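**Q** Residue numbers for the sequence shown follow full-length UniProt numbering, beginning at 1 and rising by one. Using N, Cα and C, we set each Cβ at its ideal position, and we do this for glycine too. Remember, it's a predicted structure, so these values are computed and weren't measured experimentally. First the structure, which I've put down as structure tokens, then a few questions once you've had a look.
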Amino acid sequence: MNKTQVPSMHPSLCPPAHGYPPDANADDSSPGWVILDMHAYIADRENATSAYGELSNGEAIRVTFCTAPPPLVSYVCIWCPNLPPTALDMQPTVEAAEADLVLFRLALASDRYNNQYFVYKAPGCGKGPSLWRLEKPYQISLPYRHNIALLAHREVSEGGHIRPHVDDNGHYYMATLNRNPDTPQNFNLLLYNSMHNKWSSTPIPLDMTQSHIPGKAITLGEGGLLGFVDPWRGILVCDILGRKRPHFLPLPAQLFRFDKFHGQPWLFRNIAFVNGRLTVVEQHHNPAYPRKSLNQEFTTWSISSPWEAPDGWQMDYRMNTSCIIVDDATANVDLLLCKLQENVKLRQENVTPQPTLDRLIILHPTLSLSESHIVYLMAKVSIRDDKPLVLSVDMRYPRLQGVAVFDAERMTGSKAAFSLGKTSLFTETFDPVI
């Protein structure tokens, strides 16, 4: 078998059934955002979200979103009408997403080390979807993946107010960090302005007194503020419109870790901007239980401003998995019961499983964008489980609201969790969330 051939049933060629075609009876109370699989599928699917562009070799490419309300995981289908599926590398990825903008990375199987980048803009405001290929997305190598933010184009009025550009025509900013080669403890802010098709590099005049390893970039409202998140230590806050100096916001003292530099922090933490508050969810082994126990404790913290907030960080909710209520009102509770039965068989136990989460490996807490007391969790029977569950949990009570299955055949081990990405993408009709 040559390098361009893959098995006919490669998981990347087999997208889930949900989300396509769109559900005509979808609930209008959809939260207006989706949980997005960060690995795209290669499949011939087309709907109102489909946008066309060109690869570097001139061949056509189509991008389609298949969305479903959480806890179902929405996904992207990429297709080249005039090429066989094997012409593309089997792991196209979503590198960044915000509101109605998404950045993709893909490569041709014949040139898999030469990545191509595309920016997708969803339909809205009377305009259809669009897809642009970035000719040279990065002039400087980037050490951190997923450390990219997208923002709709904005301008600053004389009074300092932010407003959309009158002739933006779908233009956007793309921002990321790179180490300053002259002072490695500092960063440069790399900013791409699609209106001028130019990159700029600006030193961040902020001496980092501790290691800052950014692993995620988030927007902090619509005023041009970005947060480059080190999930163990804090957030480097930057104003790409140049009105405020960069600022480092440390995490709550209870969450700050000097001893963590690598590993997979997103298995245990998530940070998002929810209803005007910067919010963190964190999980750890419950110290009240034996070390071998799977019982996990979760806490959420929030702060009113990424700058100097008078209230500081405050703990909002705390729960542990043994206290989560599971009852007949839980949507699709049968999926959980089946997974628990799978757990019993794996352990070769002759017992009737009870509806509890303590028998499952729980990973990857993900915050809701609309309600800070809702968190989504990934549940597995083993680290190799390629059909994990996504659980929607209300931390106030706490109670399991709903269950869905996530197709994770393309990932192995705990890395499967990284394909679960939360972003404020679209409403069900793909109007941008403002």
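1. With distances taken Cα to Cα, identify the nearest neighbour of Gly-215 among Thr-202, Pro-231, Trp-301.
2. Would you decide whether Leu-88 is buried or exposed? Buried here means 16 or more other CB atoms lie within 10 Å of its CB.
3. Measuring only the C-alpha atoms, how far is Leu-255 from Ala-217?
4. What would DSSP say about Val-333, mapped onto helix, strand or coil?
5. Find out if the Cβ-Cβ distance for the pair Arg-133, Gly-53 is shorter than 8 Å.
6. Between Gly-32 and Glu-342, what straight-line distance do the alpha-carbon atoms span, to the nearest angstrom?
7. Around the Cβ of Pro-432, are there at least 16 other Cβ atoms within 10 angstroms (buried) or fewer (exposed)?
8. How would you call Trp-307, buried or exposed, if buried means at least 16 neighbouring beta carbons within 10 angstroms?
9. Give the single residue among Ala-379, Ile-235, Pro-71 whose Cα lies nearest to the Cα of Ile-362.
10. What do you reckon, is the C-beta of Leu-226 under 7 Å from a heavy atom of the ligand GDP?
11. To which residues does DSSP link Cys-66 through a beta bridge?
12. Would you be able to state if there are at least three C-beta pairs under 8 Å between the stretch 243-258 and the stretch 320-329?
13. Give the range of the beta strand (DSSP E) segment to which Asp-239 is assigned.
14. What number of angstroms, rounded off, separates the C-alpha of Ser-211 from the C-alpha of Thr-176?
15. Given that a residue counts as buried once 16 or more other Cβ atoms are within 10 Å of its Cβ, and exposed if not, what is Gly-224?
16. Taking the alpha-carbon positions, what's the Leu-36 to Glu-349 distance?
17. So which of Ser-304, Gln-401, Ala-43 has the shortest CA-CA distance to Gln-91?
18. What residue does the beta strand (DSSP E) around Pro-203 start on, and which one ends it?
19. Going by C-alpha to C-alpha distance, which of Ser-370, Arg-384, Asn-197 sits closest to Val-34?
20. Hey, how far is the Cα of residue 519 from the Cα of Lys-387?
21. Does the Cβ-Cβ distance between Ala-331 and Val-403 come in under 8 Å?
22. If you check the beta carbons only, do Ser-392 and Pro-71 fall under 8 Å apart?
23. Measuring alpha carbon to alpha carbon, tell me which residue in Leu-294, Arg-45, Tyr-113, Ser-372 is nearest Arg-270.
24. Could you check which residue in Thr-299, Met-319, Asn-320 has the C-alpha nearest to that of Trp-313?
25. Whole-angstrom Cβ separation of Cys-80 and Glu-59, contact assumed at under 8 Å?
26. Mapping the DSSP letters down to three states, classify Trp-266 as helix, strand or coil.
27. Could you give the residue range of the beta strand (DSSP E) that holds Phe-248?
28. Can you pull the DSSP bridge partners for Ser-392?
29. Identify the continuous beta strand (DSSP E) that holds Asn-188 and give its terminal residues.
30. Which of the three DSSP states, helix, strand or coil, is assigned to Asp-230?
**A** With the given structure in hand:
1. The residue given as residue 215 occupies position 215 in the sequence shown. For the residues Thr-202, Pro-231, Trp-301, the minimum Cα distance to Gly-215 belongs to Pro-231.
2. In the sequence shown, counting from the first residue as 1, residue 88 sits at position 88. Buried is the call here.
3. As a first step, residue 255 is located in the sequence shown; it is residue number 255 there, counting from the start. As a first step, residue 217 is located in the sequence shown; it is residue number 217 there, counting from the start. Distance between the alpha carbons of Leu-255 and Ala-217 is about 19 Å.
4. Here the question's residue 333 lines up with position 333 in the sequence shown. Annotated three-state conformation of Val-333 is helix, per DSSP.
5. The sequence position of residue 133 within the sequence shown is 133, counting from 1. The sequence position of residue 53 within the sequence shown is 53, counting from 1. A contact, by the Cβ cut-off of 8 Å.
6. Residue mapping note: residue 32 aligns to position 32 of the sequence shown, counting from 1. Residue mapping note: residue 342 aligns to position 342 of the sequence shown, counting from 1. Pairing Gly-32 with Glu-342, the inter-Cα distance amounts to about 34 Å.
7. For the purposes of this step, residue 432 is identified with residue 432 of the sequence shown, where counting begins at 1. Note that Pro-432 scores 27 on pLDDT, short of 50, meaning its location in the model is unreliable and no value can be drawn from it.
8. As a working note, residue 307 is residue 307 in the sequence shown. It is exposed - the Cβ of Trp-307 has fewer than 16 other Cβ atoms within 10 Å.
9. Sequence index remark: in the sequence shown, residue 362 carries index 362 (1-based). Comparing Cα positions, the closest option is Ala-379.
10. Ligands displayed in this structure: none; no statement on the ligand GDP is therefore possible.
11. On the sequence shown, position 66 is the one that residue 66 refers to. Answer is Tyr-75.
12. No: fewer than three Cβ pairs fall under 8 Å.
13. Translated into the one-based positions of the sequence shown, residue 239 becomes position 239. From DSSP, the beta strand (DSSP E) with Asp-239 extends over 234-239.
14. The residue given as residue 211 occupies position 211 in the sequence shown. The residue given as residue 176 occupies position 176 in the sequence shown. Whole-angstrom Cα-Cα distance: 17 Å.
15. Sequence index remark: in the sequence shown, residue 224 carries index 224 (1-based). Gly-224 should be labelled buried.
16. In the sequence shown, counting from the first residue as 1, residue 36 sits at position 36. In the sequence shown, counting from the first residue as 1, residue 349 sits at position 349. Rounded to whole angstroms, the gap between the alpha carbons of Leu-36 and Glu-349 is 36 Å.
17. Here the question's residue 91 lines up with position 91 in the sequence shown. Cα-wise, what sits closest to Gln-91 is Ala-43.
18. One-based indexing of the sequence shown puts residue 203 at position 203. Per DSSP, the continuous beta strand (DSSP E) segment holding Pro-203 begins and ends at 198-203.
19. Counted from its first residue, the sequence shown places residue 34 at position 34. Residue Ser-370 is the option with its Cα nearest to Val-34.
20. Past the edges of the chain, shown from 1 to 434, lies residue 519, and the structure says nothing about it.
21. One-based indexing of the sequence shown puts residue 331 at position 331. One-based indexing of the sequence shown puts residue 403 at position 403. One thing to note: Ala-331 has its Cβ within 8 Å of the Cβ of Val-403.
22. As a working note, residue 392 is residue 392 in the sequence shown. As a working note, residue 71 is residue 71 in the sequence shown. A Cβ-Cβ contact shorter than 8 Å links Ser-392 with Pro-71.
23. Counted from its first residue, the sequence shown places residue 270 at position 270. One point to set straight first is that residue 270 is Asn, not Arg, in the sequence displayed. Measuring from the Cα of Asn-270, the nearest candidate turns out to be Ser-372.
24. The residue labelled residue 313 in the question sits at position 313 within the sequence shown. In terms of Cα proximity to Trp-313, the closest of Thr-299, Met-319, Asn-320 is Thr-299.
25. Within the sequence shown, residue 80 is the residue found at index 80, counting from 1. Within the sequence shown, residue 59 is the residue found at index 59, counting from 1. For Cys-80 against Glu-59, the beta-carbon gap comes to about 6 Å, under 8 Å, which counts as contact.
26. Working through the sequence shown from its first residue, we reach residue 266 at position 266. Trp-266: helix per DSSP, three-state reduction.
27. For the purposes of this step, residue 248 is taken as residue 248 along the sequence shown, with counting starting at 1. Segment 247-250, the beta strand (DSSP E) holding Phe-248.
28. Residue mapping note: residue 392 aligns to position 392 of the sequence shown, counting from 1. Bridge partners of Ser-392: Tyr-376, Gly-402.
29. Taking the sequence shown and counting its residues from 1, one reaches residue 188 at position 188. According to the DSSP assignment, Asn-188 belongs to the beta strand (DSSP E) that extends over 187-193.
30. The residue you call residue 230 lines up with position 230 of the sequence shown. Strand.
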